[in-house]
Structure formats: C-alpha cells, structure tokens
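Peer 1: The opening position of the sequence shown corresponds to residue 24 in the numbering used here, with each subsequent residue numbered one higher.
In this text, a Cβ means the ideal position worked out from N, Cα and C, and glycines have one as well.
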Amino acid sequence: MIIPNFEMTGPIILAIVFAVAFIIFVIYAIVKGQRRKLSAGVEEMIGKEAVVRTTLNPKGTVLVDGELWTAITEGSTIEAGEEVIITKIEGLKLWVTKNLKKRR
C-alpha cells in the first residue's frame with residue numbers, strides 16, 4: 024500500500040496489526056473482569072454447605088471451603104461428620120442448621 028509521500032512496509036503493517044490486536048485483548052480482559060461477580064464476603068457464605076468437625080451442642084467447629092470456623096447450631100445437637108447449611112454470620116461465628124436435603 025502506498026500513500027503519497029508515505030510508504031508502509033510489510034513489517035510495519037504487521038507490527039501495527041499485532042499492537043491493535045493486543046490492545047483489543049487487554050480491553051476485553053478488563054471488561055470481562057469488571058463484569059464478573061465478586062466471590063468474597065459474607066454474602067457468599069450464607070446458604071453454603073459445611074461439614075461439622077466437632078459436635079455442635081450448640082457450639083463447635085465446621086469446615087467450609089477448607090477453613091475451620093466456629094459455629095453455633097440453631098436447633099438440636101449435630102454430630103461430627105454431618106452436613107449443615109450456613110444461615111447467618113455474626114463476626115467470626117457461623118450460625119448453622121442441619122442439612123435436611125442430604126442424608127449420609
């Protein structure tokens with residue numbers, strides 16, 4: 024391609040094409056990252072399943088996503104190994120109820 028008083032060679036055109044493609048890719052990645060749902064915070068934990076590590080009577084520990092948390096049961100005693108559902112969070116304590124959907 025020749026423009027009067029301006030000549031572009033193949034390598035220059037190729038460099039421009041790669042630069043524009045890279046800029047488009049970066050903008051796409053930024054926009055995609057901004058649209059993604061946040062995956063941190065208290066809101067995400069409510070409704071999650073956890074496994075009881077020490078008997079909840081009414082207080083004990085549960086395992087959630089590989090982390091041990093202090094938990095308080097809202098109902099009767101729950102034995103170690105049973106699954107529970109997180110219903111609310113107060114500070115660093117989880118309030119849980121027995122998971123009635125899954126029975127072991």
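Can you tell me whether residue 75 is buried or exposed? The criterion is at least 16 other CB atoms within 10 Å of its CB, across all chains shown.
Peer 2: For the purposes of this step, residue 75 is taken as the residue at position 52 of the sequence shown. Under this definition residue 75 is a buried residue.
Peer 1: In the DSSP assignment, the beta strand (DSSP E) including residue 76 goes from what residue to what residue?
Peer 2: Taking the first residue of the sequence shown as position 1, residue 76 is located at position 53. Where residue 76 is concerned, the enclosing beta strand (DSSP E) stretches over 72 to 77.
Peer 1: Alpha carbon to alpha carbon, what distance is there between residue 112 and residue 65?
Peer 2: The residue labelled residue 65 in the question sits at position 42 within the sequence shown. The residue labelled residue 112 in the question sits at position 89 within the sequence shown. Roughly 7 Å separates the two Cα atoms.
Peer 1: Can you tell me whether residue 109 is buried or exposed? The criterion is at least 16 other CB atoms within 10 Å of its CB, across all chains shown.
Peer 2: Sequence index remark: in the sequence shown, residue 109 carries index 86 (1-based). Buried is the call here.
Peer 1: Short check: CB of residue 92 to CB of residue 100, under 8 Å?
Peer 2: Residue numbering aside, residue 92 sits at position 69 when the sequence shown is read from its first letter. Residue numbering aside, residue 100 sits at position 77 when the sequence shown is read from its first letter. Going by C-beta atoms, residue 92 is not nearer than 8 Å to residue 100.
Peer 1: For a test of the three-state rule: what should DSSP assign to residue 98, helix, strand or coil?
Peer 2: Working through the sequence shown from its first residue, we reach residue 98 at position 75. Here residue 98 sits in coil by DSSP.
Peer 1: Quick one: grab the DSSP three-state call for residue 55.
Peer 2: Start at 1 with the first residue of the sequence shown, and residue 55 comes out as number 32. Reduced to three states, the DSSP call for residue 55 is helix.
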